[in-house]
Amino acid sequence: MKNFLIIGNWKSNKTVSEALDFIKKLLPLIRPGHSRYGIAAPFTCLQSLAQEAKGTEILIGSQNISEQVGGAFTGEISTRMIKDVGATFSLIGHSERRLLYSESDELIKKKIKRSLLDGVRPILCIGETLEQRESGNVIKVLENQLFQALSDLNKDELHAVTIAYEPVWAIGTGRAATPETAQETHKILRDFLVRKWGEEVCYSLKILYGGSVTPENIKDLLKQPDIDGALVGGASLDEGLFAKIVNFAREL
Ligand code: PGA
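Residue 72 in the numbering used here sits at position 90 of the sequence shown, and the numbers go up by one each step.
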């Protein structure tokens, strides 16, 4: 039985009371199983969620972190701060941050390094735009994003990284990649990682798929050999839909 990882990405949604209501309703819906699951929540909800999640299996993480240790960086939230309130992982380099907030590969690389130094597990998000796919540049774009973010890491550090492949054209569009397209791309990513860092670390490294994941398409996606879980946006906002996705992962 494969040990999948399912992470919900709430984006800029839910107040503290809505988040608490969600988790109280979600927990009883989740069936026992090996696969792990969690929520990448807005900063404002982290403390309450982490307290509510104590003693349960649900992982709580953030959607972004500062690359800085702390200091004069107005508006930034450091890894030390999110750890302090109970978060254990963070998304890094989500396409919305890359495209809407101009996060560069250089900045993302620093955030990955910072999270590893401070013991917050990074989920590195990568993905190509529709234009890049249509112009035949998928492999080049993705390998470049991976290389830029990870090239400085040693094997031990890489071991703590999770990768989320999220084609930008599939995010929030209701147009998920087909299981075959997703598998083909995940295999290319895994082969690239193996070439750079060797088999030992890269076969155990999780590569999640993200982009319009629903209870309807999750099973076929997770049946693919190189898909190790999912990053779920829209469908993670509803506890019933998210529980179905986690439970499917736990059944397979
Ligand atoms: P979506 O979002 O599931 O709503 O497409 C995924 C994401 O952006 O992580």
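Backbone N, C-alpha and C define an ideal beta-carbon position, used for all residues, glycine too.
Asked	Found
Own chain, CB closer than 7 Å to Glu49, minus 5 neighbours either side, in chain order	Leu89, Lys92, Lys93 and Arg96
Buried or exposed by the 16-neighbour rule on C-beta atoms within 10 Å, applied to Gln33	exposed
Inter-residue CB distance, Pro161 and Lys205 (contact presumed, cutoff 8 Å)	7 Å
Whole runs of the alpha helix (DSSP H) within the region 150 to 191, excluding any shorter than 4 residues	161 to 179 and 181 to 184
Rounded Cβ spacing between Gly211 and Ala131 (contact assumed at less than 8 Å)	Not really, about 19 Å apart at Cβ, beyond 8 Å.
The region 189 to 200 / the region 215 to 230 touching (three or more Cβ pairs under 8 Å)	yes
Alpha helix (DSSP H) segment containing Val195, residue limits	Taken as a continuous stretch (DSSP letters only), Val195 belongs to no alpha helix (DSSP H), as it is neither H nor E.
Stretch-stretch touch, CB-based, cutoff 8 Å, three pairs: the region 44 to 58 with the region 6 to 18	no
Nearest-angstrom Cβ-Cβ length linking Tyr147 and Gly109, presumed shorter than 8 Å	6 Å
Alpha-carbon to alpha-carbon, Lys36 and Arg103	18 Å
Cβ-Cβ distance between Val67 and Leu98 below 9 Å	no
Gly43: CB within 8 Å of a non-hydrogen atom of the ligand PGA	no
Beta-carbon separation (whole angstroms), Ile189 vs Leu171, contact threshold 8 Å	6 Å
Cross-strand partners of Pro104 (DSSP beta bridge)	Ser72
For Arg13, three-class secondary structure by DSSP	coil
Helix, strand or coil at Lys44 [DSSP, three-state]	The residue you asked about is not Lys; residue 44 is Ser in the sequence shown. Strand at Ser44.
Rounded distance between the beta-carbons of Leu9 and Thr38, thought under 8 Å	6 Å
Through-space distance from Ile5 to Leu106, alpha-carbon basis	25 Å
Contacting residues, own chain, Cβ-Cβ under 6 Å from Glu125 (five flanking each side not counted)	Phe174
Beta carbon of Cys27 nearer than 9 Å to that of Val51	no
Those residues which DSSP pairs with Leu(-13) across a bridge	Arg18 and Gly211
Exposure of Phe55, with buried meaning 16 or more beta-carbon neighbours within 10 Å	exposed
Alpha-carbon to alpha-carbon, Phe230 and Lys201	7 Å
Endpoints, the alpha helix (DSSP H) within which Thr26 is located	Phe25 to Ala35
Ala23 beta carbon near the ligand PGA (any heavy atom closer than 8 Å)	no
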